[in-house]
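Novice:
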Amino acid sequence: MVATFVGGAVLGAAFGQGFAVLHDTVKDVVSKARMFKLILKHLKSTLDCLAPTFNEITQSNEQLDLPEVETKIVVNSLSHNDHMSVRSSLMEPLLLVDSLNRSD
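Here it is as structure tokens:
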């Protein structure tokens with residue numbers, strides 16, 4: 005059983021959900037991006053490698069029957085802030101380049 009502690013709280017199911025949102029966002033960006041494709045594929049590969057660890061954290065949280073309240077801050081951070089920053093920082097320039105390419 006693997007348990008990861010952040011600020012004394014065990015990260016579990018809710019943390020896994022936040023990771024899934026981040027992971028899905030990166031997959032979505034990779035599928036749409038023309039530029040920086042290698043960088044985004046590397047990021048996706050890294051997240052793919054981390055996925056089993058996050059699944060173990062989720063399972064540990066469920067086995068310990070810990071309330072999701074303990075991971076609420078982490079979930080909010082991953083599912084909202086990181087999700088939006090990844091989309092904003094990667095998609096806006098790529099969409100601009102894509103629109104410029106289409107106008108040629």
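Here this note's numbering is used: the first residue of the sequence shown is 5, the next is one more, and so on. Backbone N, C-alpha and C fix where the C-beta goes; we use that ideal spot for every residue, glycine too. All values reported here derive from a predicted model rather than from experimental measurement.
Secondary structure at Phe40, three-state DSSP: helix, strand or coil?
Specialist: As a position in the sequence shown, residue 40 is number 36, starting the count at 1. Coil at Phe40, not helix or strand.
Novice: Just tell me which of Lys41, Lys36 and Leu54 has its CA closest to the CA of Gly22.
Specialist: Mapped onto the sequence shown, residue 22 falls at position 18. Ranking Lys41, Lys36 and Leu54 by Cα distance to Gly22 puts Leu54 first.
Novice: Is the separation between the beta-carbon of Lys45 and that of Val34 shorter than 8 Å?
Specialist: Indexing the sequence shown from 1 puts residue 45 at position 41. Indexing the sequence shown from 1 puts residue 34 at position 30. Contact flag set, yes.
Novice: From this set, Asp69, Pro56 and Glu66, which residue's C-alpha is nearest His27's C-alpha?
Specialist: Along the sequence shown, one-based indexing puts residue 27 at 23. For the residues Asp69, Pro56 and Glu66, the minimum Cα distance to His27 belongs to Pro56.
Novice: Keeping to the same chain, check which residues put their C-beta closer than 7 Å to that of Leu47; ignore five residues upstream and five downstream.
Specialist: Mapped onto the sequence shown, residue 47 falls at position 43. Cβ within range, chain order: Val30.
Novice: To the nearest angstrom, report how far apart Phe58 and Lys36 are at their CA atoms.
Specialist: On the sequence shown, position 54 is the one that residue 58 refers to. On the sequence shown, position 32 is the one that residue 36 refers to. Cα to Cα, the separation comes out at about 25 Å.
Novice: Ile43 to Asn65, Cα distance in whole Å?
Specialist: The residue you call residue 43 lines up with position 39 of the sequence shown. The residue you call residue 65 lines up with position 61 of the sequence shown. Taking the straight line from one Cα to the other gives about 32 Å.
Novice: Whole angstroms are fine: how far does the CA of Ile61 sit from the CA of Leu70?
Specialist: Residue 70 sits at position 66 when you count from the first residue of the sequence shown. Residue 61 sits at position 57 when you count from the first residue of the sequence shown. Rounded to whole angstroms, Leu70 to Ile61 spans 11 Å at the Cα level.
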